[in-house]
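Student: One structure follows; several queries about it will come next.
In our numbering, the protein residues as written are 124 to 913.
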């Protein structure tokens with residue numbers, strides 16, 4: 124029997140159970156999802172933490188490269204500052220390309236451990252250990268941090284350097300730098316990237332470029348004079364004005380550059396410039412350049428000469444190892460002269476204009492004032508140029524002559540020699556047979572015996588007459604012993620080629636050569652004349668052969684009246700460079716490039732170019748025009764001269780490492796006077812005097828004198844310090860532009876001194892971009908950055 128319930132009790136329970144099950148399943152699902160999400164967030168957090176740690180490693184590399192790049196930046200920048208003038212005169216280079224080259228070269232050397240050769244096509248590879256050195260020392264870096272193949276061939280350093288195009292961006296790129304970092308929980312992140320180091324774009328036109336004078340040890344606007352001392356040395360560049368460099372002493376007997384008793388003056392530096400002559404007087408001993416170290420000095424002078432020494436038993440001695448560029452002559456005028464020159468020698472003036480000479484101009488343009496030559500006029504002398512790589516003498520020797528009164532200078536007598544011994548002048552006398560008297564010279568008392576209408580000299584038509592002018596001869600009136608009048612009759616050649624030909628033919632005649640050999644014996648000593656290297660002579664040159672006898676040197680121009688245009692243009696370029704260096708020390712300037720390429724030595728003194736001027740006086744003279752004015756500007760008066768001392772305390776510890784001395788003096792002063800006026804010992808740094816200065820103590824830094832600089836105390840050493848001088852100027856410029864309340868010098872006349880220099884007076888220093896404002900980090904970038912690439 125079927126029993127059916129008539130109600131639905133219990134069905135709600137089923138629904139409840141079903142609902143509870145659903146809710147339980149849903150809750151479990153939500154809980155599972157929540158736990159999964161929590162786990163995912165934890166994993167993501169750990170991965171991010173690990174990634175940040177990995178990026179921290181990358182940032183440590185970045186910081187290390189930042190420091191390395193900064194070091195290279197300053198090294199390259201300092202190089203540019205020290206060589207700025209040379210770089211700007213090089214038409215094949217630019218400041219930016221030079222900076223980029225040195226910056227990138229420094230980077231390559233530091234990263235690869237080898238010097239960079241731009242001409243080489245070899246690949247460069249950075250060293251992983253260099254990069255590991257940038258990491259925090261607590262990391263104990265190993266190959267798992269900077270991972271990858273340890274073979275050098277995989278660590279390519281890509282170099283991009285284009286010095287031809289100044290607009291190109293130059294750089295080095297460390298390719299495929301790989302960083303891996305695994306934390307304690309096993310999470311690992313790998314980053315692969317290229318790191319590009321770009322050369323910063325600096326502004327080199329600012330006043331931060333140091334003037335050329337800061338590279339000099341001594342600048343004497345009139346003369347550098349060394350008189351009496353021994354063992355005196357100048358280590359650095361040197362400039363002397365129209366009175367030149369003169370070494371005159373009487374203490375040294377045996378020359379020796381390694382013994383202070385073996386020289387009066389020794390100069391080692393890059394450049395020696397004088398408007399006048401470089402002179403060794405009496406039996407002084409002078410060394411220029413460092414032959415042992417292979418360091419040549421660039422020497423610019425009007426003449427190089429030895430003088431005096433008459434009757435002395437000692438010898439004058441000059442030893443130059445350098446690149447000599449001489450406007451006029453090298454003359455051994457002192458008796459017993461020994462001159463040794465190694466390196467190169469360029470006597471560059473052919474004639475007055477250094478242009479092709481027409482016959483009609485020959486005697487007005489070609490004379491001793493405008494013609495470079497080498498002359499041995501002192502008896503018992505020797506000239507050793509066997510250490511030269513090149514010798515160019517563009518001019519020729521002349522016989523200077525005076526009128527019968529022995530006073531008025533007449534036209535010089537042209538010879539056929541570029542290198543000449545004084546005794547060779549006899550070769551140019553009119554042969555005896557062509558003179559009415561039958562001998563040459565002729566005594567003044569004999570002149571009246573010449574019959575009326577009779578020619579004193581008659582040279583018949585022929586080979587000799589073809590070489591001469593229509594006049595054929597010139598007279599040289601000379602007072603023998605100062606009292607007895609004599610007349611010498613010299614041949615007058617129609618052009619330089621004729622003079623060359625005459626002497627060559629004369630010397631090739633054995634009888635004539637014998638006479639010259641005998642006569643030259645009293646002038647030549649020891650090895651006589653020694654030459655080597657590539658020779659280029661405008662006329663004949665004499666050289667002592669292996670047999671000890673004189674012979675003609677080679678390398679003579681075939682047409683000395685019309686040399687190759689390239690030779691003439693180089694002579695003019697060199698003459699203009701010499702003019703520019705006299706005016707402002709640099710190779711090219713507006714003053715050097717315009718007007719006559721020869722400088723009037725009495726105009727445009729260098730002192731006035733370096734030291735600020737107001738009207739007809741310097742700013743130093745203006746600030747000391749009255750005692751009260753001088754006092755307000757920080758000067759003290761002592762013995763009629765005004766002294767201003769500015770201590771330079773770069774360390775800020777109250778101790779002045781250097782001092783700057785500004786002095787107005789009408790009379791000569793000494794460094795002892797400076798010490799007395801300053802009431803302290805003489806400090807290294809900068810000295811400026813408007814008048815003569817005698818340096819009696821060792822000094823390091825720069826000395827500028829508006830007059831003479833005298834060195835006489837034995838053992839005095841003058842040492843240039845360009846970086847120190849430039850640091851002093853930079854320090855002062857920074858001090859002077861900051862308010863005095865901040866411990867600086869703004870508005871403090873007693874402390875300020877940079878306005879005394881023309882290059883800094885009112886130039887707004889600091890307005891342009893300075894190297895210290897460069898943020899090197901902006902020039903380090905990442906390229907091809909990848910994460911977790913396997």
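Every residue gets a Cβ at the ideal spot worked out from N, C-alpha and C, and that includes glycine. This structure is a prediction, so every number in the text was calculated from the model and none was measured.
Residue 652 and residue 639 - do their beta-carbons sit closer together than 7 Å?
Tutor: The answer is no: Cβ separation not under 7 Å.
Student: By DSSP's criteria, residue 540 is part of a beta bridge. Which residues make up the other side?
Tutor: 663
Student: Beta-carbon within less than 7 Å of residue 456's beta-carbon, same chain only, minus the 5 sequence neighbours each way: which residues are those?
Tutor: 428, 429, 430, 500, 501, listed in sequence order.
Student: If we ignore side chains and look at the alpha-carbon of each, how far apart do residue 329 and residue 199 end up?
Tutor: At residue 329, the pLDDT of 45 sits below 50, so the modelled position is not reliable; the number obtained from the coordinates is stated separately. Distance between the alpha carbons of residue 329 and residue 199: 16 Å.
Student: Rounding to the nearest angstrom, what Cα-Cα distance links residue 773 and residue 852 in this structure?
Tutor: 11 Å
Student: Using the Cα positions of residue 185 and residue 771, report the straight-line distance between them to the nearest angstrom.
Tutor: If I take the Cα positions, the gap works out to 37 Å.
Student: Going by DSSP, what residue range makes up the beta strand (DSSP E) through residue 608?
Tutor: 607 to 616
Student: Can you check which of these residues, 321, 598, 220, is closest to residue 899 by C-alpha distance?
Tutor: Among 321, 598, 220, the Cα nearest to that of residue 899 belongs to 321.
Student: Going by the beta-carbon positions, is the gap between residue 813 and residue 787 smaller than 7 Å?
Tutor: yes
Student: Considering only C-alpha positions, which residue in the set 282, 908, 799, 811 is nearest to residue 243?
Tutor: 282
Student: Helix, strand or coil for residue 581? Go by DSSP, reduced to three states.
Tutor: coil
Student: Please determine, among 397, 426, 353, 399, the residue with the shortest C-alpha to C-alpha distance to residue 406.
Tutor: 353
Student: Who are the near neighbours of residue 409 in its chain, counting only those whose CB is closer than 6 Å to its CB and skipping five residues on each side?
Tutor: 370, 388, 403, 441
Student: Got a sec: is the Cβ-Cβ distance from residue 134 to anything in chain C below 7 Å?
Tutor: Here chain C cannot be found, since the structure has a single protein chain.
Student: My assumption, with CB atoms under 8 Å, is that residue 498 sits in contact with residue 452. Please give the rounded CB distance.
Tutor: Right, their Cβ atoms sit about 6 Å apart.
Student: Anyone know if the C-beta pair for residue 226 and residue 195 falls short of 7 Å?
Tutor: yes
Student: Take the Cβ of residue 937 as the centre, count every other Cβ of all protein chains shown within 10 Å, and call the residue buried at 16 or more, exposed below.
Tutor: Residue 937 lies beyond the range of the chain shown here (124 to 913); nothing can be said about it.
Student: Out of 598, 623, 627, point me to the one whose CA is closest to residue 613's CA.
Tutor: 598
Student: Measuring CB atoms only, is the region 621 to 640 touching the region 538 to 547, in the sense that at least three cross pairs come out at less than 8 Å?
Tutor: yes
Student: Nearest-angstrom Cα distance between residue 833 and residue 727?
Tutor: 22 Å
Student: For a quick check, are the C-beta atoms of residue 908 and residue 704 less than 7 Å apart?
Tutor: No, these two residues do not count as a Cβ contact at 7 Å.
Student: State the Cα-Cα distance for the pair residue 729 and residue 871, rounded to the nearest angstrom.
Tutor: For the pair residue 729 and residue 871, the Cα-to-Cα distance works out to about 28 Å.
Student: If you run the structure through DSSP and keep just helix, strand and coil, what is residue 163?
Tutor: helix
Student: Does the region 503 to 510 come close enough to the region 590 to 608 to have 3 or more Cβ pairs within less than 8 Å?
Tutor: no
Student: When we look at the beta-carbon of residue 159 and count the other beta-carbons within 10 Å, is it buried (16 or more) or exposed?
Tutor: exposed
Student: Reducing DSSP to helix, strand and coil, say where residue 297 ends up.
Tutor: strand
Student: Ignoring anything shorter than 3 residues or poking outside the region 736 to 805, list the beta strand (DSSP E) runs there in chain order.
Tutor: 759 to 761, 764 to 771, 781 to 787
Student: So, is residue 348 buried or exposed, given that buried needs 16 or more other C-beta atoms within 10 angstroms?
Tutor: buried
Student: What distance in whole Å lies between the Cβ atoms of residue 472 and residue 494, which are believed to be in contact at a cut-off of 8 Å?
Tutor: 6 Å
Student: Would you call the region 563 to 577 and the region 674 to 692 in contact, with 3 or more CB pairs under 8 Å?
Tutor: no
Student: Please list the terminal residues of the continuous beta strand (DSSP E) segment that includes residue 831.
Tutor: 831 to 834
Student: When you compare each of 582, 722, 679 to residue 516 by their alpha carbons, which one comes out closest?
Tutor: The residue with the shortest Cα to Cα distance from residue 516 is 679.
Student: Let me check understanding here. Comparing Cα to Cα, which of 875, 176, 298, 737 lies closest to residue 767?
Tutor: 875
Student: Would you mind reading off the limits of the beta strand (DSSP E) that contains residue 313?
Tutor: 311 to 321
Student: Taking only the alpha-carbon atoms, compute the straight-line gap between residue 237 and residue 189 and give it to the nearest angstrom.
Tutor: 20 Å
Student: Please determine if the region 579 to 592 and the region 640 to 650 are in contact, where contact requires at least 3 C-beta pairs separated by less than 8 Å.
Tutor: no
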